[in-house]
Amino acid sequence: MIKKAFVRGTSLLLVVLFLYASLSKLSDYGKFRTNIAESPFIGRFAGVLAWFIPAAEIYISIMLLFAVTRLNGLYASFVLMLAFSVYIALLLGSGSEVPCECGGILNEMSWETHLVFNCVFTALSGSAALLERRRLRQVRPAA
Numbered sequence: 110m111i112k113k114a115f116v117r118g119t120s121l122l123l124v125v126l127f128l129y130a131s132l133s134k135l136s137d138y139g140k141f142r143t144n145i146a147e148s149p150f151i152g153r154f155a156g157v158l159a160w161f162i163p164a165a166e167i168y169i170s171i172m173l174l175f176a177v178t179r180l181n182g183l184y185a186s187f188v189l190m191l192a193f194s195v196y197i198a199l200l201l202g203s204g205s206e207v208p209c210e211c212g213g214i215l216n217e218m219s220w221e222t223h224l225v226f227n228c229v230f231t232a233l234s235g236s237a238a239l240l241e242r243r244r245l246r247q248v249r250p251a252a
């Protein structure tokens, strides 16, 4: 019961995080795209990423809301948060001064704080995915 609550709670936290971030990015799309374009690592992909990132966040949020797609949503959340964390670690390691393009109040965090924040959400989504996978295997044993 506690494990199921953890999975649901984590899923809802991720939905709030991703919807907030995606809507913030889309509400100031021009600034978001410009900030991506200024990145030393992903700047050349700004046109694609400026649409892909918020769309992925919204799509993952929808997957997390439904039990039938929740596990895939948790996997996708883990991969997305891991990618964001690696990106931030690369920025910190390079010494680049790039504005955060994360959206809303998340922009107010330092890169170091943001890396910790992302690592926490990466760990939460990974843990929830493992628990949900284990639960589903018990409900639907392999043939």
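In our numbering, the protein residues as written are 110 to 252. Cβ coordinates follow ideal geometry from the N, Cα and C atoms, glycine included. These figures come from a predicted structure and were not determined experimentally.
Going by beta carbons, Gly-182 and Met-190 fall outside the 8 Å limit.
For a cut-off of 8 Å, the C-beta gap from Leu-128 to Ile-167 is around 7 Å, short enough to register as a contact. In this structure, the beta-carbon distance from Leu-240 to Lys-112 falls below 8 Å.
Our two residues, Thr-143 and Trp-160, have alpha carbons roughly 12 Å apart in a direct line. DSSP, read as helix, strand or coil, puts Ile-151 in coil. Nearest to Gly-235 by alpha-carbon distance, out of Ala-130, Leu-180, Ala-164, Glu-221, is Leu-180. By the Cβ-count criterion, Pro-149 is exposed, with fewer than 16 other Cβ atoms from all chains shown falling within 10 Å of its own Cβ. Within the same chain, Cβ atoms closer than 6 Å to the Cβ of Val-116 are found at Ala-237, Leu-240, Glu-241, the five residues on either side in sequence being excluded. Non-local C-beta neighbours of Ile-169 in its own chain, meaning closer than 7 Å and more than five positions away in sequence, comprise Phe-127, Gly-182, Ala-185, Ser-186, Leu-189, ordered along the chain. Residue nearest to Ser-219 within the set Val-229, Phe-230, Leu-201 is Leu-201 (criterion: CA-CA distance). The beta carbon of Ser-120 is closer than 8 Å to those of Leu-173, Leu-174, Arg-179, Gly-182, Leu-183, Ala-237 in its chain, skipping five residues each way along the sequence. Less than 8 Å divides the Cβ of Phe-193 from the Cβ of Asn-227. Rounded to whole angstroms, the separation of the alpha carbons of Phe-141 and Ala-176 is 32 Å.
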